[in-house]
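Since the structure comes first, as structure tokens, the remarks are kept for the end.
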Amino acid sequence: MDDSTKLRTKGELALLATTLIWGTSFVFAKILLVDVSPILYLILRCLIASIVFLLLFPKEILKDKDKDSIKNGFILGILLSLGLTLQNYGLQLTTASKSAFLTSLMVIFAPIFQVIILKKKPTQSNIIGIFIVLIGSY
Numbered sequence: 585m586d587d588s589t590k591l592r593t594k595g596e597l598a599l600l601a602t603t604l605i606w607g608t609s610f611v612f613a614k615i616l617l618v619d620v621s622p623i624l625y626l627i628l629r630c631l632i633a634s635i636v637f638l639l640l641f642p643k644e645i646l647k648d649k650d651k652d653s654i655k656n657g658f659i660l661g662i663l664l665s666l667g668l669t670l671q672n673y674g675l676q677l678t679t680a681s682k683s684a685f686l687t688s689l690m691v692i693f694a695p696i697f698q699v700i701i702l703k704k705k706p707t708q709s710n711i712i713g714i715f716i717v718l719i720g721s722y
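Position one of the sequence shown corresponds to residue 585 (our numbering), numbered consecutively onward.
Take a look at the structure:
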């Protein structure tokens with residue numbers, strides 16, 4: 585097996601692992617949200633992730649950042665927190681599979697918002713991706 589095949593295999597295994605972790609996270613979140621509030625769940629989830637990333641990538645995280653990077657990171661963090669909070673409150677009201685399905689539809693919504701907000705036409709890759717998601721969600 586040559587290096588490019590090994591690299592490709594490694595990448596595909598990483599994608600498979602990511603898919604499995606992402607897919608099962610909805611089931612575990614649904615179970616946890618029976619006893620824990622969505623806010624506490626998110627705080628613990630983000631705290632654990634922050635500690636893990638700080639341990640894995642200390643140089644990249646702790647190096648000097650410019651003010652724009654900090655400001656933009658803060659804005660994106662707030663938006664992500666809002667989205668995750670709403671998703672977790674919604675997960676209390678529906679099944680894990682419905683929540684995962686609706687989340688997967690963001691691949692379709694992103695190019696639509698791109699047209700509405702940025703006034704930018706979707707690329708051919710965007711359109712192909714939309715059809716793949718639609719076929720996969722059926």
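Every residue, glycine too, gets a C-beta built ideally from N, C-alpha and C. For clarity, every value in this text was computed on a predicted model and none was experimentally measured.
Which of helix, strand or coil DSSP assigns to residue i
i, result
"Q676", "coil"
"S621", "coil"
"F641", "coil"
"D648", "coil"
"K594", "helix"
"D586", "coil"
"K655", "helix"
"K705", "coil"
Separation of residue j from residue i, as counted between CA atoms
i, j, result
"I716", "T589", "25 Å"
"V699", "D586", "42 Å"
"S683", "S609", "11 Å"
"L675", "R629", "16 Å"
"K655", "L668", "20 Å"
"L666", "A601", "26 Å"
"F697", "S688", "15 Å"
"I719", "M690", "15 Å"
"L617", "V611", "10 Å"
"F693", "L599", "22 Å"
"D648", "F641", "14 Å"
"L646", "I623", "27 Å"
"N672", "G595", "30 Å"
"P695", "I701", "10 Å"
Residue i, enclosing alpha helix (DSSP H) - first and last residue
i, result
"L718", "708-721"
"L702", "690-702"
(request) Check whether the segment 623-637 touches the segment 704-711, counting contact only when three or more Cβ pairs, one atom from each stretch, lie closer than 8 Å. (result) Result no; under three Cβ-Cβ pairs closer than 8 Å.
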